[in-house]
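What follows is a set of notes on a single structure, which appears directly below.
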Amino acid sequence: MKCVQLTASGLEKLEVVSAAAPEPGPGEVRVRMQAAAINYRDFMICAGIYGGGKEYPLIPLSDGAGEVESVGSDVTDIQPGDRVMTVFWQDWETQPVRPGVRTRTTGCEAPGALTELGVFPQSALLPVPDEMTIETAASLACAGVTAWTALHCGGPVGPDSRVLLLGTGGVSIFALQIAKAFGATAVITSSSDEKLERARELGADETINYQQTPEWGAEAFQRAGGGVDVVVETGGMGTLGQSLQALGLGGSIGVLGALGGVSAELNAMALIGKCAGIHGITVGARDDHRALSAHLVKHGIAAVIDREYSLPEGPEAIGSIARGEHFGKLLVRIG
């Protein structure tokens, strides 16, 4: 079989190699992978700027989907021929988070999805619904579940909800699609008018070019008619102050990334005055993945794929996500 391996820290250490087909042991499942999707976290892992207990060589990528070829002993819920998708946390079944879970992730502490044949513990897989494409299933584990969890960080989302989404990458576009299916009002930002137009085509109610409008937080507050209820915060501390400006009374911010920086001053009085909540989002549990999957099927939502790569192009694809040129997801077609 062929796979992409990270042999040491650094993007230049990504290699396409031939390896012996792995055999599933007790509780394990062998999957012929059909597609995998790239997240910014995957770039960080390969570039050596992300923690975690990874061992080399490592097959990267947390997100993928394919068809089961064989199963080991003690596998009860999965059979050969089933379509399955990877999950992010292999040992986190349900919310809330508690000590002793979230120790093993696909594509970092455990082998990932960028391979023709992958062996995963049963706990690392979920069934792909019949109505869902492999491309969508392959895109959910990190970006989709993160979007779902962030949107719900302050409670249920519904027609009266107002959400702010930063950027047009995989998480934010999934969040836009999910929020609109709930009937929420969605405000989204980007530095590209072209991408903002594409977001409008997906249902965005308000769009803000943050380069043309440096005080985009205040603008989002006004556009939402008195602030938003939830911010899906992909920028981290570098944008958190503006996100707080955009927030309405009693709103919540789901912080899930650090594209804009990891440290900054925060106006504590604004936080207190708005009775705001700031939540750290580390993707979500298997139950969140299941709920997201059901929501997408119910509303006929498919992943927005910006570009596809082949398996031999996997190393190039991982490096390309750092340029931030994509809208939605980058996919690697495997089989």
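Okay, so the sequence shown: first residue is 19 according to the numbering used here, each after it adds one.
Ideal Cβ placement from N, Cα and C applies to all residues, glycine included.
Remember, it's a predicted structure, so these values are computed and weren't measured experimentally.
Measuring CB to CB, does residue i end up less than 9 Å from residue j?
i, j, result
"residue 65", "residue 340", "yes"
"residue 267", "residue 252", "no"
"residue 208", "residue 185", "yes"
"residue 181", "residue 193", "yes"
"residue 302", "residue 113", "yes"
"residue 237", "residue 231", "yes"
"residue 83", "residue 102", "yes"
"residue 214", "residue 322", "no"
"residue 105", "residue 325", "no"
"residue 203", "residue 242", "yes"
"residue 134", "residue 332", "no"
"residue 147", "residue 90", "no"
"residue 330", "residue 34", "yes"
"residue 131", "residue 51", "yes"
"residue 249", "residue 55", "no"
"residue 179", "residue 197", "yes"
"residue 270", "residue 201", "no"
"residue 46", "residue 119", "no"
"residue 346", "residue 152", "no"
"residue 262", "residue 289", "yes"
Taking the beta carbon of residue i as the centre, do at least 16 other beta carbons fall within 10 Å, making it buried, or is it exposed?
i, result
"residue 293", "exposed"
"residue 247", "buried"
"residue 285", "exposed"
"residue 74", "exposed"
"residue 257", "buried"
"residue 175", "buried"
"residue 354", "Nothing can be reported for residue 354, as the shown portion of the chain is limited to 19 through 353."
"residue 361", "The structure shown does not extend to residue 361, since the chain is modelled only from 19 through 353, so no value can be given for it."
"residue 170", "buried"
"residue 177", "exposed"
"residue 59", "buried"
Can you tell me whether residue i is helix, strand or coil according to DSSP?
i, result
"residue 332", "helix"
"residue 240", "helix"
"residue 88", "strand"
"residue 313", "helix"
"residue 296", "strand"
"residue 266", "strand"
"residue 261", "helix"
"residue 284", "coil"
"residue 82", "strand"
"residue 76", "strand"
"residue 256", "helix"
"residue 319", "coil"
"residue 38", "coil"
"residue 337", "helix"
"residue 291", "helix"
By the DSSP assignment, the beta strand (DSSP E) with residue i in it spans what residues?
i, result
"residue 19", "Unbroken run through residue 19: none, as it is neither H nor E."
"residue 93", "Counting along the chain, residue 93 falls outside any beta strand (DSSP E), and DSSP gives it neither H nor E."
"residue 27", "Taken as a continuous stretch (DSSP letters only), residue 27 belongs to no beta strand (DSSP E), as it is neither H nor E."
"residue 250", "246-251"
"residue 347", "347-351"
If you follow the alpha helix (DSSP H) that residue i is in, where does it begin and where does it stop?
i, result
"residue 65", "58-65"
Measuring only between beta-carbons, confirm whether residue i sits less than 9 Å from chain C.
i, result
"residue 54", "This model lacks chain C altogether, as it is built from one protein chain only."
Please give the ranges of any beta strand (DSSP E) in the region 171-235, keeping only runs that are unbroken, at least 3 residues long and fully inside the region. 180-184, 203-208 and 224-227
Which residue spans inside the region 96-181 form an unbroken alpha helix (DSSP H) run of at least 4? 152-155 and 163-169
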